[in-house]
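S.K.:
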Amino acid sequence: MDAATFRLLGHQLVDWIADYREQVETRSVMSMAKPGEVRARFPPTPPATGGHLAEALRTLERDLMPGITHWNHPSFFAYFPSNTSYASILADIVASGLGVQGMSWQTSPAATELEEVVMDWLRQMVGLSTAWTGVIHDTASTATLCALLCARERASSYAQNAKGLQSGEAPLVIYASDQAHSSVEKAALLAGLGRAHLRLLDSDDRHALRVDRLKSAIEADRGAGLRPCAVVATIGTTGTTAMDPLEDIAAVAKQHRLWLHVDAAMAGTAMVLPECRQMWEGVEAADSLVFNPHKWMGVGFDFSAYFVRDPEHLIRVMSTNPSYLRTAQDGEVKNFRDWHIQLGRRFRALKLWFFLMDVGVEGLQARIRRDLQNARWLADRVKDAKDWVLMAPVSLQTVCIRHVPDELQGDEEALTCHNLEIARRINESGKAYLTPSMLKGRQMLRVSIGAECTERRHVEAVWSELLSSVTHQH
Ligand SMILES: *Cc1c(COP(=O)(O)O)cnc(C)c1O
């Protein structure tokens, strides 16, 4: 491709994206594609000759769009929001246009230094002290894996530099609540600690970790000759946005010298509001913290913010430093390749920079407050509605509900079918998209508000859909 063609197709594509965004509301939120339907539209063998890209752009709508679920649709209420602001789309173009590999400072000083700048902005935005240093990871899952690897190495006096987990010492144990994200379990397993040494402790009726259970589990493990190693506290669980009691957990972690990792993947964004920061009171006592600006905030996927108090420790665990990666500036600069698992890294800092230049902290705060108010509005409707039940406190923007008609009271199996049917009707109508999910054996519907363009009217509309879906059933 020559530059002239790139210019032409590039302008067309930007128009295409803008048209898509402007008209997204007219589309079905959830893709109605059947398994294999998209695949069947593509030839089974690669094109032997080139020159067909313009044609591919013309078939985007016909061949690809039927298989797209619209995460930036204003009636997207599933999972957690994953906002990709216009500004971060533009930043992605710059990052790809430059095609930079920011693995070491020298490989593009701007990539490292802009990352230092924006991660420090982010630190200030969520009210963390200057004791924290941030690095951009791809996802919370890998950040949590890094945290548990660091915890393992601290607790084992750097066993990886000796016999690793083969040294025959007492097993290390990890603690979290039964509401912790599956990435915590995955990290514990990948860190080689073994499922037998992962304690997913009972949560209370607000779905937060029970500190009494944490204490007794630690004591029991110590009694059995095991080595308690780390506790993961979740601020904003994926199921219900429950908040683990961080201050109390931090006190236990300190007493038993456990690594404290805070998973605030979703809720971290709320901390740009000073009025929300009591939710993670105690965070300063943690060793590591992750949150995802690629969720609610508006920085397009992927962008996970990992903050640590002791970068030297992180580097000691993550660095290998072969001779071909060493440079003259190594003593004075950050080489972010030593701050996570992979070597190569995209220039992701651009996305946060562009995003903040576009909306500003105040603009972001206003949007987050709007979403919190929309969630409270919906929660109030649910509270007042006959047969509808709130399944968990609404601490952020996710409202967990279910419909419990009189005749199904107490019949969990029937309630599961009934609520799954409500979700199916709404999702297949294409008018809105929400996630059915189990909470301690009970079926519920999660309405997770916070797509960038979701206004009150969209929340009103999904509530009407919910109400009419049950009138139709009976
Ligand atoms: C979404 C989420 C994760 C996983 O995030 P990824 O960036 O997709 O790995 C982890 N923890 C919590 C609480 C989450 O909500």
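Read left to right, the sequence shown gives residues 315 to 788 (our numbering). The C-beta atom is built at its ideal place from N, Cα and C for all residues, glycine as well. A quick note: this is a predicted structure, and the numbers were derived from the prediction, not measured.
Determine contact between the region 760-779 and the region 686-693, defined as no fewer than three beta-carbon pairs at a distance below 8 Å.
M.R.: yes
S.K.: Do the CB positions of L575 and A461 come within less than 7 Å of each other?
M.R.: First, the residue type needs correcting, since residue 575 is His and not Leu in the sequence shown. Contact: yes.
S.K.: Give me the Cα-Cα distance between K700 and P719, rounded to the nearest whole angstrom.
M.R.: P719 has its alpha-carbon roughly 8 Å from the corresponding atom of K700.
S.K.: Would the beta-carbon of V449 fall within 7 Å of that of W594?
M.R.: no
S.K.: Run through DSSP, which three-state label would Q757 get?
M.R.: strand
S.K.: Can you find a heavy atom of ligand 1 that lies under 6 Å from the Cβ of H511?
M.R.: no
S.K.: Do R524 and Y489 count as a contact pair if the criterion is CB distance below 7 Å?
M.R.: no
S.K.: Return the CA-CA distance between R536 and P485, expressed in angstroms with no decimal places.
M.R.: 11 Å
S.K.: According to DSSP, simplified to helix, strand and coil, what is L639?
M.R.: Three-state DSSP puts L639 in a helix.
S.K.: Which of the three DSSP states, helix, strand or coil, is assigned to D535?
M.R.: helix
S.K.: Any idea if C543 is buried or exposed, counting beta-carbon neighbours within 10 angstroms, 16 or more meaning buried?
M.R.: buried
S.K.: Report all residues from its chain with a CB closer than 7 Å to the CB of E561; omit the five preceding and five following residues, and keep chain order.
M.R.: The answer, listed in chain order, is E595 and G596.
S.K.: Quick one: Cα of M315 to Cα of T398, how far?
M.R.: For M315 and T398, the distance between alpha carbons rounds to 28 Å.
S.K.: Taking DSSP's pairing of strands, which residues face C714 in a bridge?
M.R.: R760
S.K.: Compute every distance between the C-beta of A318 and the non-hydrogen atoms of ligand 3, then say whether any falls below 6 Å.
M.R.: Although ligand 3 was asked about, the structure shown includes only ligand 1 as ligands.
S.K.: Sorry if obvious, but does the Cβ on M557 come closer than 6 Å to a heavy atom of ligand 1?
M.R.: If you check the C-beta of M557 against ligand 1, you find no heavy atom less than 6 Å away.
S.K.: From E726, T785, K754 and L639, pick the residue whose C-alpha is nearest to that of Q420; which is it?
M.R.: Of E726, T785, K754 and L639, the residue nearest in Cα terms is L639.
S.K.: Let me know if C590 comes out buried or exposed under the rule of 16 or more other beta-carbons within 10 Å of its beta-carbon.
M.R.: The C-beta of C590 has 16 or more other C-beta atoms within 10 Å across all chains shown, which makes the residue buried.
S.K.: Closer than 6 Å to a non-hydrogen atom of ligand 1 - does that hold for the CB of S455?
M.R.: yes
S.K.: Alpha carbon to alpha carbon, how far is Q679 from S443? Give it in angstroms, no decimals.
M.R.: 20 Å
S.K.: Would you give the residue range spanned by the beta strand (DSSP E) that W385 belongs to?
M.R.: Unbroken run through W385: none, as it is neither H nor E.
S.K.: Can you confirm whether the region 597-611 touches the region 383-398 when touching is taken to mean that 3 or more C-beta pairs between the two stretches lie within less than 8 Å?
M.R.: yes
S.K.: Counting only the same chain and skipping the five closest in sequence on each side, list residues whose C-beta sits under 7 Å from that of R468.
M.R.: W573 and H627
S.K.: Closer than 7 Å by C-beta to A332: which residues in its own chain qualify, once you throw out the five before and the five after it? Chain order, please.
M.R.: none
S.K.: Does the Cβ of M593 lie closer than 6 Å to at least one heavy atom of ligand 1?
M.R.: With a cut-off of 6 Å, the C-beta of M593 is classified as distant from ligand 1, since no heavy atom of the ligand falls inside that distance.
S.K.: With a CB to CB cut of under 7 Å and the five nearest residues on each side skipped, what residues in its chain are close to P707?
M.R.: R520
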